[in-house]
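This report concerns only the one structure given below.
Protein chains: 2
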Amino acid sequence: MPAVGASLPRKDALDKLKGVAKYIDDYNFSDILHVVTVRSQHAYGRLINIDKTEAEKMPGVAGVITASQIPGVNAVPLVFNDEPFLAEGFVRFHGEPVALVAAETLEQAQAAAALVKIEVEPLKPVLSIRESLAADAPRIYKENNTFSHFRVAKGNAEEAMKTAAHVFEQEYETPYQEHAYLETNGVIAVPGLEDSMTVYGSMQCPYYVHDAVVAAAGISKNKARVIQTTTGGGFGGKEDFPSVIAGQATAVAKIFNRPAKLIYKREEDIIASSKRHPGLIKMKVGTDEKGKIVAAIIDYYVDGGAYATLTPIVLWRGTVHALGPYECENIHVNSYGVATNKVPCGAYRGFGSPQVIFAGESLIDEIAVALNIDPLEIRRTNGYKLGSKTATGQLLDQSCGLMETIEKAGERSQWASKWQKPAERQGNIRRGIGISSVYYGVGLGAGGKHLDRVGTSMTIMKDGSVHCAIGNVEMGQGARTVLAQIAADALGAPFELVNVVETDTSMVPDSGPTVASRTTFMSGNSLMLAAAELRPRLLQVAAKMLDAASIADVDLIDGKAFLKNQPDKKQIGFKELAEQLYVCRLMPSAFGWFVAPDSSYDNETGQGNAYFVYSYSTNIAEVEVDMETGEYKVVRITSAHDMGKAINPQQVEGQIEGGTLQGLGYATMEEIRHDGNGRMLNNAFATYILPTTEDTPEIDPIIVEHPYDRGPYGAKGFGEVPLMGIAPAISNAIYNATGVRIRKLPVKPEKILGLED
Amino acid sequence: MPAVGASLPRKDALDKLKGVAKYIDDYNFSDILHVVTVRSQHAYGRLINIDKTEAEKMPGVAGVITASQIPGVNAVPLVFNDEPFLAEGFVRFHGEPVALVAAETLEQAQAAAALVKIEVEPLKPVLSIRESLAADAPRIYKENNTFSHFRVAKGNAEEAMKTAAHVFEQEYETPYQEHAYLETNGVIAVPGLEDSMTVYGSMQCPYYVHDAVVAAAGISKNKARVIQTTTGGGFGGKEDFPSVIAGQATAVAKIFNRPAKLIYKREEDIIASSKRHPGLIKMKVGTDEKGKIVAAIIDYYVDGGAYATLTPIVLWRGTVHALGPYECENIHVNSYGVATNKVPCGAYRGFGSPQVIFAGESLIDEIAVALNIDPLEIRRTNGYKLGSKTATGQLLDQSCGLMETIEKAGERSQWASKWQKPAERQGNIRRGIGISSVYYGVGLGAGGKHLDRVGTSMTIMKDGSVHCAIGNVEMGQGARTVLAQIAADALGAPFELVNVVETDTSMVPDSGPTVASRTTFMSGNSLMLAAAELRPRLLQVAAKMLDAASIADVDLIDGKAFLKNQPDKKQIGFKELAEQLYVCRLMPSAFGWFVAPDSSYDNETGQGNAYFVYSYSTNIAEVEVDMETGEYKVVRITSAHDMGKAINPQQVEGQIEGGTLQGLGYATMEEIRHDGNGRMLNNAFATYILPTTEDTPEIDPIIVEHPYDRGPYGAKGFGEVPLMGIAPAISNAIYNATGVRIRKLPVKPEKILGLED
């Protein structure tokens, strides 16, 4: 039985269930130093002085490190390298790392950290997008407080808007979202021989961290090594941030020539690590009489926080996807990554899309209401089909399953019988149903093209077991299992014999980040290439053992080699083949190296093939609202997804369930609040409220498979998509129940009751 | 300037000099158990009972492990797999491991170990080759107490001997030699997730250890990982033995699911680890009137100890090399690996050769004396030249520098003016000069052919630094430096940017052992293959940057790319090339896989190509003997070597110096003594006497380069050779000074005075 397509058990499940999985805080090294961060208590200000005297006198303290002591460069290598490992000259957000205290015990480091005196001359902070863009705003970043600006321009949106039958214009706002991974950020830097440095940690992007270690230590890249430890969730939150603490721990380890452990408490993780960008989206859409979109003008702003970090690339994805999966000949998108004096925002499942999706899917719902069209029908009318062209002018010539997700979700949710207009709803407890459709460009796209390649390494051991090293990480999403399934089938090995190990930068060349729902597609393809190199060697051995004239006469499936024309005559097991491979001294290892299919894109016009392929989904949410209190419950989510091919259907369903709940949190309750000085008010799970099992609706996952010919067994990308469309589906359902349109997430009872904007 | 051929500084020198290099005992892991071995106090006996009761009650003791508890198989995987990790049923040598005590501290483990009661029914041990082969010997191994028997048969030695003008027949004996590496054996086994096991340790053969971990743990090979730590010397002593303790530590780690550390004290290392085989060599050589050898009959016995371990392959090498580098049409060699109740013998620099070399080079000296021929001249007459055929009938059709080593050594030592017959020497202090010539088959030879392949992996980093992972280890011999030189030139990279890391079985496929002077040749070739895959990609990038029509128009040497026809026009640095390689998303990594040139050999007749190529050397020793006390001093050693190409001349000289001193110890002072019950009497450096700097003669190293066309830059193998011919050169010099012929090593004053055999 092929492994691909089967709901095989996760390789890491048992150890995680038993509690023996080893997370970074479970690691220890002899002679280790514990590091505690001293943070700015001002959102913005001039850094006058740091007084370490008292702190350094404390028992067990090895020293207090500040910016000037960093052995290498004091800049986190990300997109613009504008963030320092430790503040220098200025502090730019409340909670920014200013100094590091290294001590024999964590308690000693904490005690000393309290005695480091940071003298700051406070400056007026900028705390929101609107403040930052105001004409009289303080200049906190370059000349216009803007990290990045992108545009997409197809046709002539201004002209087309004038001729549109109907024009709809609205503003939408979306909040921060905290990743709330089970495991906080943490690393251990271990100095090695000959100026080398190894960093262990919880992370998504070992190769980004590798860059950071090299930068902070001031060493060449072949002297740095990054080993990813079992990672308790990432969701984008461990894309950029581990680079910060890895560089810091590296500096400490290098200065004291001792291992340095830097593990975040939950409170500081929430204060200091990246979040989903708050978004402000101004949408203007023109349609014809029947609701067919003819023009769209979209301005998209994100609050990037104090440093650029990932804002430019987060913004780019949102820009490209701004209108959602709808045909439109005349579209104009402008997007801006805006600086504020708050924690830098970064990647979060969806990566700049959920903001515009909330806006777009809300507006199309508003259009449907206004034009008296069934919201599902308006998506049928406008949605991408084979042959459609995207906002960037890209022809969708294969693997476009949007329509099937709409039909399947509609059917399974009984949309037709459940949908009725709000006005027709009655009683205090009212049901509502809402829909959203999304598309998602798989991989890094034209913007991150130069990083969109992935290496893997595969070795057949003498006993037939197979060792695979990968460049993308397992962070809880199931990559090790799904990739083992692909590797097993591609090689012809039994799934049980294939092991995919956690990422170590010294085993696999720079494979870019583990983001953008690219792992199954990229690492899967890379493993297939490695397998394609090894498989002929196994067939060669099999041909010899089966007395076949050529390798074309033999096949190898699921761990058995046999003659194609006499499959039952004699079968050779995988172990025997492997043994013989070694007897023949054939090379048992191969690297795979997969370069993403080419995308072309003109950043000036925002036209071209932004991504090589897209995944699609449709979500239908059902809610039940108490009209008196505004309290509501999400009752049911039907979630249909075209990911090309479900390598492991059970894991796909798991992703849908997890993503749905995360999307539900975003839609209904999650928000970060700051005081007027830019201090975060709710940096604990007692105050940052997350959905729990109590809040979990009935979830009906639907798999739709429109295979992509370049994908491993047809697979595209998928991991992020389940979260992305949940918020507007719920918000639209709330409208459908109550007639109240919420344009600013989260959807709270106060807003339903009109007590809050 | 090319790196190859330059005396570049060792990559590991500084850290080792500063004392920061990290050996296995410097490693710690949290929650670690310390393991102490409980050993047999009998050389031979039936194991009746092991009483752990008292020991397990001791504070801090996690448990006492005996054979039946080993999770996997209780057999060290080597040649015959006949040695158990822990004794079972019988004990077969004094010091054999019977039980393992695991405790929180080393002291606690030691205290408890003293309380483990081993009940043995003693049996009469067999303690020497002669005892073991006696007709009435107890049967301690199969039917004839013999592990292995090999033969070489060319021509008709019996018949030719009858017609020889002169026949010479003698017996020679050689002693044990202890490796005396600076760092004792030690490992740490660390249990990992999902049934995995990682073993760190001091070792030569990570892939042998990998087999042992798999065997002891009972896991598949892709779940085991072996990481070689900085290794303080091996000399063959860390070929087989680390497998024993790695398996033991693995068992403990697996049983208690905690890291287990097993580090040997010097005394137990000497008692329990392998040594050079004591040898007994019976030689009969016939010559013509002028001393040209016409027939040779050789019986070669080695004392293998209680288990076969490496005896069969050690014996095979000695068998093939039995006569030394001399032409002979009629030769008959029979060899026997004999079982005794002593510690198993294994590999030691030279690997079964130094024993027969001592015999052969002594006998040829005796022939020269008897026939009144200059000992140097008799080697000229008989020695291998281009076109010679070896004892196994192999044609030496290239890279045969023996004659040049004889001429150069003779010249530099002023042999012609110094050599005179013993009878002509006078006075109480007498000088003497002696010569020996040796040849050495590089690599594993026909006997180990299936293991004679080596993998490497090479990655060009984005900053132009180069990471190489190798399958052979650095154990102090300088491999990391020499291989970096080869990699640098092969790739065109600056030497400074190339780093070769210590071996990790998860990075490079099974590359066999680090033995047989094969590392430079095998790993060097493997790196060249990896470089050959990467270099065209760099040239492709360079061609683009230099506007060249094709990669044939550009060259890349020592980190600079340039147009071949305009080398000075524009040069592109390696860093820029590497950056561009990444921009172009070309695969920056490659595996190398080098399979040794084919050897063919018929084990029945002992005829064929035993090895693919041979290295050669000639040593000339000068001694000064006090005729009254028998005390003597080795004054000077002239040591000429053909290793094909000296990749790093300084390191070659270092190897000559080290090997010379180790050979001098073998020749002059080293021996292991046992009491009548098989108990080793001198298991400490206070009693096992080694040469020191005080004993070091003037050493004159001479490099002779006859390149081998399959070698990396012409290199063959070399590491073992400097030790091999020292003993007979010294013994022959002693004869030359004194007229006393020593046929049993070591050459001690008592023997010179005739007070001891």
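Protein chains in written order, with my numbering: chain A, 3 to 759; chain B, 3 to 759.
Ideal Cβ placement from N, Cα and C applies to all residues, glycine included.
Everything numeric in this text was worked out from a predicted model, so none of it was measured.
Out of the options, which has the shortest C-alpha to C-alpha gap to residue i?
i	options	result
A:Cys-347	A:Asn-374, A:Ser-364, A:Ala-274, A:Ile-359	A:Ala-274
A:Ala-325	A:Arg-268, A:Gly-288, A:Arg-351	Before going on, a small fix: residue 325 of chain A reads as Leu here, not Ala. Residue A:Gly-288 is the option with its Cα nearest to A:Leu-325.
B:Asn-679	B:Tyr-46, B:Ile-34, B:Gly-7	B:Tyr-46
A:Gln-422	A:Asp-399, A:Ala-361, A:Pro-377	A:Pro-377
B:Asp-600	B:Asp-27, B:Asn-51, B:Leu-453	B:Leu-453
A:Glu-578	A:Ser-467, A:Ala-218, A:Met-477	A:Ser-467
A:Ala-251	A:Asp-14, A:Met-199, A:Arg-743, A:Val-296	A:Met-199
A:Ala-262	A:Arg-268, A:Val-254, A:Glu-269	A:Val-254
A:Phe-596	A:Ser-525, A:Gly-575, A:Ile-120	A:Ser-525
Does the separation of the CB atoms of residue i and residue j fall below 9 Å?
i	j	result
A:Ile-488	A:Ala-580	no
A:Gly-646	A:Glu-707	yes
B:Lys-294	B:Thr-383	yes
A:Met-682	A:Ile-674	yes
A:Val-340	A:Ile-300	no
A:Gly-188	A:Leu-264	yes
A:Arg-319	A:Gly-238	no
A:Arg-482	A:Val-510	no
B:His-151	B:Asp-512	no
B:Gly-632	B:Leu-757	yes
B:Ser-684	B:Pro-424	Here the sequence assigns Asn to residue 684 of chain B, which means Ser is not the residue at that position. Cβ atoms of B:Asn-684 and B:Pro-424: not closer than 9 Å.
B:Val-103	B:Val-93	no
A:Leu-88	A:Ala-64	no
Any idea if residue i is buried or exposed, counting beta-carbon neighbours within 10 angstroms, 16 or more meaning buried?
i	result
B:Leu-365	buried
B:Arg-351	buried
B:Gln-396	buried
A:Phe-497	buried
A:Ser-619	buried
A:Ala-116	exposed
A:Phe-564	buried
B:Gly-97	buried
B:Phe-614	buried
B:Ser-419	exposed
A:Val-585	exposed
B:Ile-283	buried
B:Arg-153	exposed
A:Glu-173	exposed
Opposite residue i in the DSSP bridges: which residues?
i	result
A:Gln-609	A:Asp-604
B:Leu-397	B:Lys-391
B:Asp-367	In the DSSP output, where bridge partners are listed per residue, B:Asp-367 has none listed.
B:Ala-155	B:His-334
A:Arg-278	A:Gln-179
- Message: Suppose only complete runs of 4+ residues qualify. What are the alpha helix (DSSP H) ranges in the region 38-110 of chain A, listed by chain order?
- Response: 55-59
- In the region 201-262 of chain B, which residue ranges form an unbroken beta strand (DSSP E) of at least 3 residues, counting only runs that do not cross its ends? Taking only runs of at least 3 residues, the beta strand (DSSP E) segments lying wholly in the region 201-262 of chain B are 226-230.
- Query: Whole beta strand (DSSP E) runs in the region 300-371 of chain A with 3 or more residues, listed along the chain?
  - Reply: 333-341
- Message: Restricting to runs no shorter than 3 residues, where is the beta strand (DSSP E) found entirely within the region 674-719 of chain B?
- Response: 700-706
- Any beta strand (DSSP E) of 3 or more consecutive residues that is wholly inside the region 472-543 of chain A: 500-503
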